[in-house]
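In UniProt numbering, the protein residues as written are 1 to 351.
Don't be surprised by glycine CBs; every beta carbon is placed ideally from N, CA and C.
In what follows, a single structure is set out as structure tokens and then discussed.
Next comes the structure, spelled out in structure tokens:
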């Protein structure tokens, strides 16, 4: 289990250009597999165009208390990229004046940003319909200054979405580090104690599952049923929905695929599972991703590959909804991950 980010390890895969080079060459350059662009063309689905912006997903920093082996952000304690209060204010200006109904805060561990609580308070006052914070759960137990997060989330009616690789200790700790499972269980119990995840509760608690190895997630509904039964039976924990997300072949998961000699097989699996019906609802069509320094991307994955939006508007400070809507989405081979099987997005299956 790695304890440092790819950046800290000076890995060549810390360079987004190197990742894109791998995704563009080899089995895709020699014609063994069709590029994502050619697959879209074959199925008369090119280009993918942005629709109305409904979700503003803001990455407030790459700093995290964990170093998960699948992390597409390459987050960790050694990452120092943190959104400033000035950039947060620019985001707030957009929240108040755009048609977006959902605000989605992510990281790293977003709670580690020193301006996180101020931002949440200000954003909550803006009257967003669905206010999501993506928490890794263990941050709640990491330090006593975070122990009151469940109450803080409740006060501002935050929709908590938390990663939970499995309902067993072994599989969870393998993906996220020793002790993560036990801390996650304690954090979920703390959230349940203030009303999160309980039947008919307006305090939404959803979990996110992504596979621990080089395979695609199973049926989301079936996985949710299994998760709910196991967590209720073993720990008396309840939650609302489970989102099954496909691991995209970038950053640390790409590093894992190459090191385990599974890269080509995994890409074959993604291409073979391509589902044209999933293309219409991929998250990039109604989501705008904002990086820690305010630059705009079609999704969080493109952000990590440093593939900015195809628009004259490149930064949140120059936000123009009319110019951003209707743009062509920037694509590469990693996009197969969002269109495989039932499709995948930050809100789970799409088809």
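Answer with buried or exposed for residue 210, where buried requires no fewer than 16 other C-beta atoms within 10 angstroms of its C-beta. Counting of Cβ neighbours within 10 angstroms places residue 210 among the buried residues, the total reaching 16 or more.
Would you check if the stretch 61-71 and the stretch 108-116 touch, i.e. whether three or more CB-CB distances between them fall below 8 Å? Yes, they touch.
Hey, quick one: how far does the beta strand (DSSP E) through residue 130 stretch, first residue to last? Residue 130 -> beta strand (DSSP E) spans 130-135.
Please look up how many angstroms separate the CB atoms of residue 5 and residue 74, rounded, as I've assumed it's under 8 Å. Cβ atoms of residue 5 and residue 74 come within 8 Å of each other, at about 5 Å.
Selected residue, minimal CA-CA separation from residue 353, among 238, 144, 85: As shown, the chain starts at 1 and ends at 351. That puts residue 353 outside it, with no answer to give.
How is the alpha helix (DSSP H) around residue 243 delimited, first residue to last? Boundaries for residue 243: no alpha helix (DSSP H) harbours it, while the beta strand (DSSP E) harbouring it runs 242-244, taken from the DSSP string.
Limits of the unbroken beta strand (DSSP E) element including residue 58: Run containing residue 58: 55-59, per the beta strand (DSSP E) assignment.
Go to residue 290, then tell me how far its beta strand (DSSP E) extends in each direction, as first and last residue. That run of the beta strand (DSSP E) goes 287-290.
Touching or not, the stretch 317-333 and the stretch 45-57, by the rule of three or more beta carbon pairs under 8 Å? Counting C-beta pairs closer than 8 Å gives three or more between the stretch 317-333 and the stretch 45-57, which meets the contact rule.
Whose C-beta lies closer than 8 Å to the C-beta of residue 305 among residues of the same chain, with five residues either side of it excluded? The beta carbon of residue 305 sits closer than 8 Å to those of 16, 19, 20, 250, 332, 334, all from its chain and outside the five residues before and after it, given in chain order.
Return helix, strand or coil for residue 114, following the three-state DSSP convention. It is coil, neither helix nor strand.
How big is the Cα-Cα spacing for residue 284 and residue 299? Spanning the two alpha carbons is a distance of roughly 6 Å.
7 Å Cβ shell around residue 312 - same chain, five flanking residues per side excluded: Contacts found: 323.
Taking C-beta to C-beta, are residue 92 and residue 119 nearer than 9 Å? Cβ distance < 9 Å, so residue 92 and residue 119 count as in contact.
What number of angstroms, rounded off, separates the C-alpha of residue 152 from the C-alpha of residue 242? Taking the straight line joining both Cα atoms gives about 23 Å.
If I'm right that residue 137 touches residue 187 with Cβ under 8 Å, what's the distance once you round it to whole angstroms? By a beta-carbon distance limit of 8 Å, residue 137 contacts residue 187. Their separation comes to about 4 Å.
Is residue 140 near residue 112, with beta carbons less than 9 Å apart? Going by beta carbons, residue 140 and residue 112 fall outside the 9 Å limit.
To the nearest whole angstrom, what separates the beta carbons of residue 13 and residue 255, a pair I think is in contact under 8 Å? 5 Å between Cβ atoms; contact.
Would you call the stretch 142-156 and the stretch 27-43 touching, i.e. three or more CB-CB distances under 8 Å? Judged by Cβ distances under 8 Å, the stretch 142-156 makes no contact with the stretch 27-43, as fewer than three pairs qualify.
Around the Cβ of residue 179, are there at least 16 other Cβ atoms within 10 angstroms (buried) or fewer (exposed)? Its Cβ having fewer than 16 others within 10 Å, residue 179 is exposed.
Over the uninterrupted alpha helix (DSSP H) stretch that includes residue 87, give me the two end residues. 85-97 is the extent of the alpha helix (DSSP H) around residue 87.
Rounded to the nearest angstrom, what separates residue 339 and residue 260 at their Cα positions? Across the structure, residue 339 and residue 260 are spaced so that their CA atoms are roughly 24 Å apart.
Taking only runs that begin and end inside the stretch 229-289, name each unbroken beta strand (DSSP E) of 3 or more residues, in chain order. Listed in chain order, the complete beta strand (DSSP E) runs (minimum 3 residues) inside the stretch 229-289 are 242-244.
Taking 9 Å as the threshold (C-beta atoms), are residue 142 and residue 183 in contact? With contacts defined by Cβ atoms closer than 9 Å, residue 183 and residue 142 form a contacting pair.
Anticipated Cβ contact below 8 Å, residue 336 with residue 271, distance rounded: Rounded to whole angstroms, the Cβ separation of residue 336 and residue 271 is 6 Å, and the two are in contact under 8 Å.
Terminal residues of the continuous alpha helix (DSSP H) containing residue 173? Residue 173 -> alpha helix (DSSP H) spans 169-176.
From the DSSP output, in three-state form, read off residue 322 for me. In the structure shown, residue 322 sits in a helix (DSSP, three-state: H, G or I).
Residue from 57, 59, 78, 58 with nearest C-alpha to residue 67: Considering only alpha carbons, the answer is 78.
Grouping DSSP H, G and I as helix and E and B as strand, with all else coil, what is residue 328? Residue 328: strand per DSSP, three-state reduction.
Rounded C-alpha distance that separates residue 45 from residue 316: Roughly 29 Å between the two C-alpha positions.
Taking just the CA atoms, how far does residue 35 sit from residue 28? Cα to Cα, residue 28 sits roughly 6 Å from residue 35.
Determine the DSSP secondary structure at residue 52, reduced to helix, strand or coil. Under the three-state reduction of DSSP output, residue 52 falls in the coil class, being neither helix nor strand.
Beta-ladder partner(s) of residue 184, from DSSP: According to DSSP, residue 184 bridges with nothing at all.
Using DSSP's beta-bridge definition, name the partner residues of residue 308. Note: residue 308 sits in a beta bridge opposite 297.
When we look at the beta-carbon of residue 90 and count the other beta-carbons within 10 Å, is it buried (16 or more) or exposed? In this structure residue 90 is buried. Its beta-carbon is surrounded by 16 or more other beta-carbon atoms within 10 angstroms.
Rounded to whole angstroms, what is the Cα-Cα separation between residue 170 and residue 213? Taking the straight line from one Cα to the other gives about 13 Å.
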